[in-house]
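J.: First residue of the sequence shown: 548, per my numbering; consecutive thereafter. Using N, Cα and C, we set each Cβ at its ideal position, and we do this for glycine too. In this text, all values refer to a predicted model and were calculated from it rather than measured experimentally.
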Amino acid sequence: MDNLWSPWRSQYINSFGDSEPEGCFLCAGALHTHEDTERLIVARLKTCYVVMNRYPYNSGHLLVAPYRHIGELPMLTVDERNDLMDTINIASEVLTLVYKPHGINIGANIGRAAGAGVPGHIHFHLVPRWNGDTNFMPLFAEVKVISESMEEAYRQLQQAFKKY
548 MDNLWSPWRS QYINSFGDSE PEGCFLCAGA LHTHEDTERL IVARLKTCYV
598 VMNRYPYNSG HLLVAPYRHI GELPMLTVDE RNDLMDTINI ASEVLTLVYK
648 PHGINIGANI GRAAGAGVPG HIHFHLVPRW NGDTNFMPLF AEVKVISESM
698 EEAYRQLQQA FKKY
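1. Go ahead and label arginine 586 buried or exposed: buried means 16 or more other beta carbons lie within 10 angstroms of its beta carbon, across all protein chains shown.
2. So does the region 619–633 actually touch the region 699–709, counting three or more Cβ pairs closer than 8 Å?
3. With a cut-off of 8 Å on the beta carbons, I'd call proline 666 and glycine 618 a contact; round off their distance for me.
4. With a CB to CB cut of under 7 Å and the five nearest residues on each side skipped, what residues in its chain are close to glycine 492?
5. Return yes when the Cβ of isoleucine 588 is within less than 7 Å of the Cβ of valine 611, no when it is not.
6. Output the boundary residues of the beta strand (DSSP E) element that contains tyrosine 596.
7. Where does valine 625 land, buried or exposed, given buried means 16+ other C-beta within 10 angstroms?
8. Under DSSP, the beta strand (DSSP E) around isoleucine 637 begins and ends at which residues?
9. Answer with buried or exposed for glycine 576, where buried requires no fewer than 16 other C-beta atoms within 10 angstroms of its C-beta.
10. Compute the Euclidean distance between the alpha carbons of histidine 616 and valine 597, then round it to the nearest angstrom.
11. Out of Lys710, Gly664, Ile651, point me to the one whose CA is closest to arginine 601's CA.
12. Return the chain-ordered list of same chain residues with a C-beta closer than 6 Å to the C-beta of tyrosine 711, the five sequence neighbours on each side being excluded.
13. Using a threshold of 7 Å, state whether the C-beta atoms of tyrosine 646 and proline 621 are closer than that.
14. Exposed or buried, what is histidine 715 when buried is set at 16 or more other beta-carbons lying within 10 Å of its beta-carbon?
15. To the nearest angstrom, how far is it from the Cα of cysteine 595 to the Cα of phenylalanine 572?
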């Protein structure tokens, strides 16, 4: 089994210990619509939005989150559940269009024990994957190899989301 290794994420995980980060970044993204570029928000829909992960596993790593601060699936309204799934579908199409990956990992870590970095605000990860995308660089040199800048990725993704 290949692992997608990202030791740089420990900087994020260790930044808030056992509690949520001060002022949930997902809630801040939901509220501050005038800061979409700075916050790397590439699309806003009815009840949720799409944001680039600042600590990506791979180029194009996206998060889809509801605007409301809720931590469990049963807490979502029917509209939120439907909108989340539609948005995940759209985000998958956009990633395929922009990056042409061989596959996409889609998932959510619900609760701290399951690995959630922000357990109080449910969100889904979409990580584009390519055959052979794991390599030795992070293992030996703690270097991540991302083939594009965050700015370029943001520009491409935001442009592609405008079609939806």
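T.: Short version:
1. Residue 586 sits at position 39 when you count from the first residue of the sequence shown. Buried, by the Cβ-count rule.
2. no
3. Along the sequence shown, one-based indexing puts residue 666 at 119. Along the sequence shown, one-based indexing puts residue 618 at 71. Rounded, the Cβ-Cβ distance is 6 Å, consistent with contact.
4. Here the chain covers residues 548 to 711 and nothing more, so residue 492 does not appear.
5. Along the sequence shown, read from residue 1 onward, the residue named residue 611 stands at position 64. Along the sequence shown, read from residue 1 onward, the residue named residue 588 stands at position 41. No.
6. Within the sequence shown, the letter at position 49 stands for residue 596. First-last of the beta strand (DSSP E) with tyrosine 596: 595–599.
7. As a position in the sequence shown, residue 625 is number 78, starting the count at 1. It counts as exposed.
8. Reading the sequence shown from its first residue, position 90 is the one you call residue 637. Per DSSP, isoleucine 637 belongs to no beta strand (DSSP E); it is in the alpha helix (DSSP H), 625–646.
9. Against the sequence shown, residue 576 aligns to sequence position 29. By the 10 Å Cβ count, glycine 576 comes out buried.
10. Taking the sequence shown and counting its residues from 1, the one referred to as residue 616 is at position 69. Taking the sequence shown and counting its residues from 1, the one referred to as residue 597 is at position 50. One C-alpha to the other measures close to 15 Å.
11. By 1-based counting over the sequence shown, the position of residue 601 is 54. Arginine 601 has its Cα closest to that of Gly664, out of Lys710, Gly664, Ile651.
12. Position 164 of the sequence shown, counting from 1, holds the residue named residue 711. The answer, listed in chain order, is Ile637.
13. Stepping through the sequence shown from its first residue, residue 646 is reached at position 99. Stepping through the sequence shown from its first residue, residue 621 is reached at position 74. Not in contact: tyrosine 646 and proline 621 (Cβ atoms no closer than 7 Å).
14. No information on residue 715 is available, as it lies outside the stretch 548 to 711 that the chain covers here.
15. In the sequence shown, counting from the first residue as 1, residue 595 sits at position 48. In the sequence shown, counting from the first residue as 1, residue 572 sits at position 25. Roughly 14 Å separates the two Cα atoms.
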